[in-house]
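Asker:
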Amino acid sequence: MMEKKAAVPISAFQMSLLLFAFMTGSAIINIPGPIISEAFGGAWISLLFSGAAGLLLLGCLLFLHRAEPDLSYVECSKKALGTAVTFALSVMTVPFLLHIVTGIVIDVGLFMNSSMLRETPNTVFNLAIFAIAALTARAGIEVMARMFALILMLIIPLTVIVLALAIPNYQFANLLPVFPYGWRPIWHGAYSSFGFPFEEIFVFGMLLKYTRKEDRTFLGRSLAKGFSSCILFLILSTLCTLMLFGPLAPIKKYSLFELARIIEAFEIIQRIESVIGMSLIAGSYMKESIALFVLAHFVSDLFKLKDARAIMMPLALIGFLNSLVSYDSNTEWIEIVNVMHPLWAFGGFTLPLLLTAALIGIKRRRSGARASGSADSSG
Amino acid sequence: MLIFQRLVTRRMDWREKTVYAFLLAFSVYEAIDYAGNLDWMELYEWNDLLFAGPARSIERFLSYKPK
Numbered sequence: 107m108m109e110k111k112a113a114v115p116i117s118a119f120q121m122s123l124l125l126f127a128f129m130t131g132s133a134i135i136n137i138p139g140p141i142i143s144e145a146f147g148g149a150w151i152s153l154l155f156s157g158a159a160g161l162l163l164l165g166c167l168l169f170l171h172r173a174e175p176d177l178s179y180v181e182c183s184k185k186a187l188g189t190a191v192t193f194a195l196s197v198m199t200v201p202f203l204l205h206i207v208t209g210i211v212i213d214v215g216l217f218m219n220s221s222m223l224r225e226t227p228n229t230v231f232n233l234a235i236f237a238i239a240a241l242t243a244r245a246g247i248e249v250m251a252r253m254f255a256l257i258l259m260l261i262i263p264l265t266v267i268v269l270a271l272a273i274p275n276y277q278f279a280n281l282l283p284v285f286p287y288g289w290r291p292i293w294h295g296a297y298s299s300f301g302f303p304f305e306e307i308f309v310f311g312m313l314l315k316y317t318r319k320e321d322r323t324f325l326g327r328s329l330a331k332g333f334s335s336c337i338l339f340l341i342l343s344t345l346c347t348l349m350l351f352g353p354l355a356p357i358k359k360y361s362l363f364e365l366a367r368i369i370e371a372f373e374i375i376q377r378i379e380s381v382i383g384m385s386l387i388a389g390s391y392m393k394e395s396i397a398l399f400v401l402a403h404f405v406s407d408l409f410k411l412k413d414a415r416a417i418m419m420p421l422a423l424i425g426f427l428n429s430l431v432s433y434d435s436n437t438e439w440i441e442i443v444n445v446m447h448p449l450w451a452f453g454g455f456t457l458p459l460l461l462t463a464a465l466i467g468i469k470r471r472r473s474g475a476r477a478s479g480s481a482d483s484s485g
Numbered sequence: 002m003l004i005f006q007r008l009v010t011r012r013m014d015w016r017e018k019t020v021y022a023f024l025l026a027f028s029v030y031e032a033i034d035y036a037g038n039l040d041w042m043e044l045y046e047w048n049d050l051l052f053a054g055p056a057r058s059i060e061r062f063l064s065y066k067p068k
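Going down the list, the protein sequences come from chains A and B. Per our numbering, the first sequence starts with residue 107, numbered consecutively. Per our numbering, the second sequence starts with residue 2, numbered consecutively.
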């Protein structure tokens with residue numbers, strides 16, 4: 107008989123590692139090309155702006171967590187807005203979570219098809235990633251936190267080494283001009299990169315309650331460090347892409363992969379693009395597991411289910427089938443990600459989060475004022 | 002295996018049954034759509050109805066086409 111397993115809390119450091127894994131997972135390779143095509147030389151400024159906005163969202167999440175440390179975002183929302191409003195807002199949030207779960211896997215499939223294994227059908231990659239991610243998510247947050255720390259220890263140094271090996275090819279002059287067409291492209295880049303990946307920090311609203319009680323005091327600092335590292339890492343990879351490819355950077359879709367391809371160091375280290383390919387797959391797997399875990403817990407909290415693990419596999423199956431029927435061509439998928447995704451993320455994640463945080467803030471202020479009023483009258 | 006575990010070895014309450022049944026029904030809907038290449042309404046078609054207009058307007062407003 108299946109018993110409901112009690113969730114084992116994780117440390118603040120592990121939570122920040124999960125955050126780093128989730129935010130950088132697939133973004134490290136998917137972000138530089140598109141953002142340079144939108145913001146040109148000012149892509150790094152766009153990332154700074156969108157990162158700052160993402161930090162504000164993180165602040166909202168931490169505020170909710172401090173107000174209700176044992177509740178997830180959905181439970182907080184039900185408490186602040188009521189069940190009916192929470193259900194109404196979730197009409198946009200749940201599909202967007204499903205889109206994230208699907209999108210991560212589609213991106214890996216498209217990358218593999220366009221760069222490494224051209225003849226293999228997408229279905230093979232999609233099925234494999236969904237199966238492994240669903241099993242990982244089903245194993246629980248503690249297993250993910252422990253395992254992802256090891257994977258991060260492997261992929262971060264490897265990515266940094268790849269960037270460092272390309273140093274002889276960098277041209278610092280390619281960083282200029284920063285504002286070739288004024289501020290509008292910068293805002294465009296900021297808008298897109300806020301939608302992906304920074305707005306997605308919302309998912310941690312479902313995870314923060316799994317932090318160990320004794321670590322809650324410095325959770326905010328740990329998460330801010332993890333988030334800032336993610337911003338810096340993305341800026342670093344964007345700058346490296348710009349320095350290497352210059353005006354050609356916008357047409358390189360998987361720019362880090364292309365960067366690794368041209369490395370020739372000490373005459374024996376060359377064609378190391380598979381390292382970046384491996385990083386993308388590992389990063390996407392981590393992100394997929396976290397997203398699937400959050401989707402299952404979101405639905406579970408919404409409908410007050412006893413055990414979120416029960417719906418993990420059906421949700422993975424839906425995600426897999428969705429990855430097969432969701433788009434007809436690469437152009438359609440690029441439009442979904444570049445045009446629809448930022449606005450959808452705002453409606454599905456940012457708006458409900460801001461509403462919940464604002465209402466909880468107002469309620470707390472009112473209850474604080476009432477408590478001080480009654481203390482004054484009794485004194 | 003999982004369905005067997007859920008339905009036979011552990012009693013599910015009505016909420017779990019409803020959500021589980023809905024998810025399975027949605028999977029079947031998607032599977033039929035894929036197998037028959039029927040082009041039914043899916044996640045992105047619904048999203049297109051809701052967001053396409055405003056999302057494309059924002060994109061047009063922010064995009065700069067070098068002359």
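Beta carbons are placed, not taken as given, at the ideal position from N, Cα and C, and that holds for glycine.
Which residues in the same chain as A/ALA255 place their Cβ atom closer than 8 Å to its Cβ, once the five residues preceding and following it in sequence are excluded?
Answerer: Closer than 8 Å at the Cβ level, and outside the excluded window around A/ALA255, lie GLN120, LEU123.
Asker: For chain B, check one thing: does any of its Cβ atoms lie closer than 7 Å to the Cβ of A/ASN428?
Answerer: Chain B contact via Cβ: present.
Asker: If we ignore side chains and look at the alpha-carbon of each, how far apart do A/PRO138 and B/LYS18 end up?
Answerer: Rounded to whole angstroms, A/PRO138 to B/LYS18 spans 44 Å at the Cα level.
Asker: Does any CB atom of chain A fall closer than 7 Å to the CB of B/SER58?
Answerer: It does not; no Cβ of chain A falls within 7 Å.
Asker: Rounded to whole angstroms, how far is the Cβ of A/VAL400 from the Cβ of A/VAL309, which I believe are closer than 8 Å?
Answerer: Right, their Cβ atoms sit about 4 Å apart.
Asker: Helix, strand or coil for A/GLN376, going by three-state DSSP, please let me know.
Answerer: In the structure shown, A/GLN376 sits in a strand (DSSP, three-state: E or B).
Asker: Compare the C-beta of A/LEU411 with all C-beta atoms of chain B and state if any pair is closer than 7 Å.
Answerer: So yes, A/LEU411 belongs to the interface.
Asker: Name the one or two DSSP bridge partners that A/THR317 has.
Answerer: A/ILE116.
Asker: Note down, one range per segment and in chain order, each alpha helix (DSSP H) of at least 4 residues found wholly within the region 140 to 211 of chain A.
Answerer: Those alpha helix (DSSP H) runs which fall completely within the region 140 to 211 of chain A and span 4+ residues are 149 to 173, 179 to 187.
Asker: Return the chain-ordered list of same chain residues with a C-beta closer than 6 Å to the C-beta of A/PHE146, the five sequence neighbours on each side being excluded.
Answerer: Answer for A/PHE146: PRO286, PRO291, listed in chain order.
Asker: With distances taken from CA atoms, which of A/SER473, A/VAL445, A/PHE426 is nearest B/SER28?
Answerer: Per the Cα distances, A/PHE426.
Asker: Please check the pair A/THR199 and A/PHE455, which I expect to be a contact at CB under 8 Å, by giving their CB distance rounded to whole angstroms.
Answerer: Confirmed, Cβ separation roughly 7 Å.
Asker: What residue does the alpha helix (DSSP H) around A/LEU427 start on, and which one ends it?
Answerer: 418 to 431 is the span of the alpha helix (DSSP H), which, as asked, contains A/LEU427.
Asker: Taking the CB atoms as reference points, tell me whether A/LEU465 and A/ALA186 lie closer together than 7 Å.
Answerer: In this structure, A/ALA186 lies closer than 7 Å to A/LEU465 by Cβ.
Asker: Secondary structure at A/MET121, three-state DSSP: helix, strand or coil?
Answerer: DSSP places A/MET121 in helix when its eight states are reduced to three.
Asker: Among A/TRP439, A/ARG470, A/ARG476, which residue has its Cα nearest to the Cα of B/ASN48?
Answerer: When only C-alpha atoms are compared, the closest one is A/TRP439.
Asker: If you drop the 5 nearest sequence neighbours on each side, which residues of the same chain put their C-beta closer than 8 Å to that of A/GLU109?
Answerer: Unreliable placement is indicated for A/GLU109, whose pLDDT of 45 sits below 50; the coordinate value is still reported in the next sentence. There are no such residues.
Asker: Using only the alpha-carbon positions, how far apart do A/ILE262 and A/GLU394 sit?
Answerer: Using only the alpha carbons, I get a separation of about 18 Å.
Asker: Do A/SER299 and A/GLY131 have their C-beta atoms closer together than 7 Å?
Answerer: Not in contact: A/SER299 and A/GLY131 (Cβ atoms no closer than 7 Å).
Asker: Among A/LEU271, A/GLU181, A/ILE257, A/ASN444, which one has its Cα closest to the Cα of A/PHE126?
Answerer: It is A/ILE257.
Asker: Look at A/TYR297 and A/LEU350 and say whether their C-beta atoms are less than 7 Å apart.
Answerer: Not closer than 7 Å, so no.
Asker: For A/ALA49, does the three-state DSSP call read helix, strand or coil?
Answerer: Chain A is shown from 107 up to 485; residue 49 of chain A falls before or after that span and cannot be answered.
Asker: Do three or more CB pairs link the region 349 to 365 of chain A to the region 157 to 171 of chain A at distances below 8 Å?
Answerer: Segments in contact, no.
Asker: Buried or exposed: where does A/GLY479 fall if 16 or more other Cβ atoms within 10 Å of its Cβ makes it buried?
Answerer: The residue in question, A/GLY479, is exposed, as its Cβ has fewer than 16 Cβ neighbours within 10 Å.
Asker: To the nearest angstrom, how far is the alpha carbon of A/ILE368 from that of A/PRO303?
Answerer: Spanning the two alpha carbons is a distance of roughly 27 Å.
Asker: Decide if A/VAL405 is buried, meaning its Cβ has at least 16 other Cβ atoms within 10 Å, or exposed.
Answerer: Label assigned to A/VAL405: buried.
Asker: With a threshold of 7 Å between beta-carbons, can B/ARG61 be considered close to chain A, or not?
Answerer: For B/ARG61, the answer is no, since every Cβ of chain A falls outside 7 Å of its Cβ.
Asker: Which residues share a DSSP beta bridge with A/ALA371?
Answerer: Note: A/ALA371 sits in a beta bridge opposite A/ILE375.
Asker: I'd like to check one pair, A/THR317 with A/ALA118: are the Cβ atoms closer than 7 Å?
Answerer: Cβ atoms of A/ALA118 and A/THR317: closer than 7 Å.
Asker: Just the Cα atoms here: how many angstroms apart are A/SER178 and A/GLY326?
Answerer: Taking the straight line joining both Cα atoms gives about 16 Å.
Asker: Determine the direct distance from the alpha carbon of A/VAL249 to that of A/ALA194, and round the result to whole angstroms.
Answerer: Between A/ALA194 and A/VAL249, the C-alpha separation is close to 33 Å.
Asker: Would you mind working out which of A/VAL214, A/LEU161, A/ASN219 sits nearest A/ASN136, comparing C-alpha positions?
Answerer: Of A/VAL214, A/LEU161, A/ASN219, the residue nearest in Cα terms is A/VAL214.
Asker: Determine whether the Cβ of B/VAL29 lies closer than 7 Å to any Cβ atom of chain A.
Answerer: Taking Cβ atoms only, chain A never reaches closer than 7 Å to B/VAL29, which makes this a no.
Asker: Let me check understanding here. Comparing Cα to Cα, which of A/VAL180, A/HIS171, A/MET384 lies closest to A/PRO458?
Answerer: Among A/VAL180, A/HIS171, A/MET384, the Cα nearest to that of A/PRO458 belongs to A/VAL180.
Asker: Judging by CA-CA distance, which residue of A/PHE155, A/HIS171, A/ALA133 is the nearest neighbour of A/PHE324?
Answerer: That would be A/HIS171, whose Cα lies nearest to the Cα of A/PHE324.
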